[in-house]
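Notes for the one structure printed next.
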Amino acid sequence: MRSSATPESGKALKRSRFAYICEFASEVISMLRTLLPFLPVFNSRLLRVSGLAIMSTLFVTNAEADHFAGASVTYQCTGVPANQYLITLDLYLDCSGVAITPQNISFTNSCGVSFSLTNVPLVLTEEVSQLCGSQLANSTCNGGTLPGIQHYQFQTSINLSPCNAWTISWSICCRDNSQNVQLTPGMYVAATLNNLGGLCDQSPQFGDESIPYVCVNEPMSYNMDVTDANGNTLAYSFISARFASPLPTNVTYTPGFTAALPIPGITLDGATGQIAFTPTVTGNYIVVVEVSSYDAMGNLIGTVMRDFIFVVINCTDPPADNLGPTDIDNGIITSSNDIQVCTGIPFCVDISFSDVDPLAVITLLSQVASELPGSTFVVNGTNPAVATICWTPDPAFSPASVLIDVNDNACPVENLSSYLLTITVVSPPPFPPDPGSNATISACPGDPNVNLFNQLGGSPDAGGVWTGPNGASHSGTFNPSTDLFGVYTYTVGNGCQNASATVTVNSGSAGNAGTSTTLTTCSTSAATNMFALLGAGAAAGGAWSGPSPVVGGNYNPATMTAGVYTYTVAGTPPCPATSATVTVTENTAPNAGTNGTLTVCSTGGAVSLLAQLGGGPQGGGTWAGPSPVGGAGNYNPATMNPGVYTYTIVGVAPCTNATATVTVTENPAVTAGSNGNLSICATGAAVALSASLGGAPQAGGTWSGPSPVIGGCMTLPP
129 MRSSATPESG
139 KALKRSRFAY
149 ICEFASEVIS
159 MLRTLLPFLP
169 VFNSRLLRVS
179 GLAIMSTLFV
189 TNAEADHFAG
199 ASVTYQCTGV
209 PANQYLITLD
219 LYLDCSGVAI
229 TPQNISFTNS
239 CGVSFSLTNV
249 PLVLTEEVSQ
259 LCGSQLANST
269 CNGGTLPGIQ
279 HYQFQTSINL
289 SPCNAWTISW
299 SICCRDNSQN
309 VQLTPGMYVA
319 ATLNNLGGLC
329 DQSPQFGDES
339 IPYVCVNEPM
349 SYNMDVTDAN
359 GNTLAYSFIS
369 ARFASPLPTN
379 VTYTPGFTAA
389 LPIPGITLDG
399 ATGQIAFTPT
409 VTGNYIVVVE
419 VSSYDAMGNL
429 IGTVMRDFIF
439 VVINCTDPPA
449 DNLGPTDIDN
459 GIITSSNDIQ
469 VCTGIPFCVD
479 ISFSDVDPLA
489 VITLLSQVAS
499 ELPGSTFVVN
509 GTNPAVATIC
519 WTPDPAFSPA
529 SVLIDVNDNA
539 CPVENLSSYL
549 LTITVVSPPP
559 FPPDPGSNAT
569 ISACPGDPNV
579 NLFNQLGGSP
589 DAGGVWTGPN
599 GASHSGTFNP
609 STDLFGVYTY
619 TVGNGCQNAS
629 ATVTVNSGSA
639 GNAGTSTTLT
649 TCSTSAATNM
659 FALLGAGAAA
669 GGAWSGPSPV
679 VGGNYNPATM
689 TAGVYTYTVA
699 GTPPCPATSA
709 TVTVTENTAP
719 NAGTNGTLTV
729 CSTGGAVSLL
739 AQLGGGPQGG
749 GTWAGPSPVG
759 GAGNYNPATM
769 NPGVYTYTIV
779 GVAPCTNATA
789 TVTVTENPAV
799 TAGSNGNLSI
809 CATGAAVALS
819 ASLGGAPQAG
829 GTWSGPSPVI
839 GGCMTLPP
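Residues in the sequence shown are numbered from 129 upward in steps of one, following our numbering.
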């Protein structure tokens, strides 16, 4: 994950800025030389020093420090000669910025001493990007695009005269942008030391050398892996991020964030330094942790601080989960992060880790073998991965904090987290522990929570610990809706002598009546299976009740009444029966009547089409046909064409529209012409009567009158 490198110094951008700085400084020096004859107090040495100071100031000011992502100052007393200290400055830079520049460290104390060391030697450059090995070459540190972080370490040796309050500090003008701090103020970190009386102490040291990238909306556990070579007591706390202006000044946090709560919901264990939180918004979050070191008498020796950012990103795969201790021999599990063991009695404990991605390969690393003499650390499996720690407890190391670094080897950005196990070494209790007697209960999903301690028989000792069916630590309050059913173990005593009793929690069945729902049907629809509407989880064999008897779980509009139908499934004691309902709404099918016919004369009056339909049709429908039908619904031979006229009543879903037709036949009217008069001579020839009619009489009619008419002619008798 890390690669050695030499700090870059030849970038074109850097050269151009440096050239500008040199040019400006040269102009300032030239101006000073011009003024030199008029300023007797100036001399060449002062001029050289002034020019150097100007260039140094300009160089540091233009250091592009807005890519600083983390920093800390620590110290180590070497004792040769007396009061000699090795001072270490660790800086973490986003590789998308420019190269590192020379750094200065300032020293002040309450005894009146104040000075700075410039150009502190750079002793280490390493890449600490949180990338998988195959993608490390693609980080911004190597010219790629993936997020890259470079670690720079500066060291110097100096003699610190005895004083009760030394402050060793470093600052820079700017820092990375963040979600929780307004603007981009500078960065300031410091270490403090009380070496009065010849104390030769090493400050707490930060073992983690990275800027952590974490997944949004995923629980995160992180530990800086702080150690103290002198065995001092350490205390952890969140403090405000600071900048030097020129005095150390607290930054201004964005509303909703504070120094004590730099990320919503974040917690810090004051004794172990374990940090836990679940981020909900992506971005950079500045966090500052101060570690205070106390001697055996409770006197403060000194402090160190680490200013760094959590980078919250979207992840395709969440980090590995830990179940905490799942099995122990010769000891007891007191919580998901604590065990008790007995002085001098060897023990082994298993801690399990798993990942939701079945292809994930979990790697577990720990320094426990070097921190606890005689201990071993063995990992079995990759997903799940089980770490087994074995040790013969020594009270001189109690309580012992064992840190396990967890990596699920995601790519390109690895998912890293930390798990902290606290081992407490104890002596046998003064009296034999009494856990009570075993018990068995039944519970139903959805029931109120159950206090397992109250279920034990006898007179159990209070203050014990619970483990669940999977071996993980449990609160002792059983939640029927979320907890596993099975055997819960109560253990009292300590890691030397303990006893256990169990509460077996059996699952009663409340049955599953499914999920209540609705049914909207039509009065003419076929029967609908209501059981199928309750969902796939509904148990068969239940009973129906409702406005009408239910046959086969069906609702039949032809024989049943709409309303609420209830399906009930009996439960297994002590669980009650459960019910679900189907609320039926039945819409009446529309009635357009039955088809009819109409025969009219072309000269006839308007006729109601609706009256021609059979079957009692509903009013309010619409007509369509060869001609538009007026609002009265009549057929008028004078203005309309014969043919098929369709009457439609719109149905309410799921009922479909109803239609019926009236077929109109229109016969043309006949004309006999208009009346006429005829005067003829008694001796005249036969006369055609139709010729005497007015208008345009049709041929083919019949005549009637006083005498028979033959051939349409009238002949007078002789």
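Don't be surprised by glycine CBs; every beta carbon is placed ideally from N, CA and C.
Look at the Cβ atom of residue i, then the Cβ atom of residue j, and state whether they are nearer than 8 Å.
i      : j      : result
Val440 : Pro486 : no
Gln278 : Thr295 : no
Phe366 : Val317 : no
Ser421 : Asp356 : yes
Gly411 : Gln495 : no
Thr568 : Thr632 : yes
Gly621 : Cys470 : no
Met658 : Gly681 : yes
Ala720 : Gly749 : yes
Pro855 : Val792 : For residue 855 there is no data in the structure shown, the boundaries of the chain being 129 and 846.
Cys260 : Pro540 : yes
Val251 : Gln231 : no
Thr504 : Ala513 : no
Met315 : Arg434 : no
Ala705 : Ser635 : no
Gln283 : Thr216 : yes
Leu288 : Tyr350 : no
Leu661 : Thr649 : no
Phe581 : Tyr618 : yes
Ala824 : Gly801 : yes
Quick check on the burial criterion: 16 or more other C-beta atoms within 10 angstroms. Buried or exposed for residue i?
i      : result
Leu826 : Note that residue 826 is Gln in the sequence shown, not Leu. Gln826 is exposed by the Cβ-count criterion.
Gly639 : buried
Gly839 : exposed
Pro754 : exposed
Phe436 : buried
Ser832 : exposed
Asn543 : buried
Phe152 : Here Phe152 scores only 37 on pLDDT, less than 50, and its place in the model is too uncertain to base an answer on.
Thr789 : buried
Pro834 : exposed
Gly761 : buried
Ala739 : exposed
Cys809 : exposed
Ser807 : exposed
Asn323 : buried
Pro765 : buried
Pro527 : exposed
Cys729 : exposed
Val798 : exposed
Would you please state the rounded distance, in angstroms, between the beta carbons of residue i and residue j? I believe it to be under 8 Å.
i      : j      : result
Asp575 : Pro608 : 5 Å
Ala629 : Pro561 : The Cβ separation is near 10 Å, so there is no contact.
Ile233 : Leu245 : 5 Å
Asp455 : Gly325 : That pair is no contact at about 49 Å.
Ser94  : Leu451 : Outside the displayed span of the chain (129 to 846) sits residue 94, for which this structure offers no information.
Ser238 : Ala293 : 4 Å
Ile300 : Phe196 : 6 Å
Pro447 : Ser545 : 5 Å
Thr783 : Ala717 : It should be pointed out that residue 783 corresponds to Cys in this sequence rather than to Thr. That pair is a contact at about 5 Å.
Ser601 : Ile461 : 6 Å
Gly102 : Trp594 : What is shown of the chain runs 129 to 846, which leaves residue 102 out entirely.
Leu327 : Ile429 : 7 Å
Is residue i near the ligand GDP, judged by its Cβ being under 7 Å from some heavy atom?
i      : result
Ala388 : In the structure shown, the ligand GDP is absent, as is every other ligand, since no ligand is present at all.
Could one say the Cβ of residue i lies closer than 8 Å to chain B's Cβ atoms, at least one of them?
i      : result
Pro675 : The question asks about chain B, but that chain is absent: this structure has only one protein chain.
Taking contact to mean at least 3 C-beta pairs separated by less than 8 Å, is the region 654–669 in contact with the region 521–535? They do not touch, by the three-pair rule.
Unbroken stretches of the beta strand (DSSP E), 3 residues or longer, contained in the region 391–467: If only uninterrupted beta strand (DSSP E) runs of at least 3 residues are considered, those enclosed by the region 391–467 are 403–405, 411–422, 428–441, 449–457 and 459–463.
Does the region 711–726 come close enough to the region 687–697 to have 3 or more Cβ pairs within less than 8 Å? Contact between the region 711–726 and the region 687–697 is established, with three or more Cβ pairs separated by less than 8 Å.
Meets three-Cβ-pair contact criterion under 8 Å: the region 384–391 and the region 324–338: No: fewer than three Cβ pairs fall under 8 Å.
When the Cβ atoms of the region 198–206 are set against those of the region 322–331, are three or more pairs found closer than 8 Å? Result yes; three or more Cβ-Cβ pairs closer than 8 Å.
Return the chain-ordered ranges of every beta strand (DSSP E) run that is complete within the region 267–304 and spans a minimum of 3 residues. Secondary structure within the region 267–304: the beta strand (DSSP E) runs of 3 or more consecutive residues, fully enclosed, are 277–287 and 294–300 (chain order).
Uninterrupted beta strand (DSSP E) stretches inside the region 195–256 (no shorter than 3 residues): Listed in chain order, the complete beta strand (DSSP E) runs (minimum 3 residues) inside the region 195–256 are 196–205, 212–222, 233–237, 242–245 and 250–255.
Just to confirm the assignment: which complete beta strand (DSSP E) runs, minimum length 3, are found wholly within the region 337–389? Segments of the beta strand (DSSP E) lying fully in the region 337–389: 341–343, 348–350, 361–366, 370–372 and 376–378.
Residue ranges of each beta strand (DSSP E) within the region 765–796, 3 or longer: Entirely contained in the region 765–796, the beta strand (DSSP E) runs reaching 3 residues are, in chain order, 771–777 and 786–795.
Write down every uninterrupted run of the alpha helix (DSSP H) in the region 480–547 whose length is 4 residues or greater and which is fully enclosed by it, in chain order. Counting only runs that start and end inside the region 480–547, the alpha helix (DSSP H) elements of at least 4 residues fall at 496–499.
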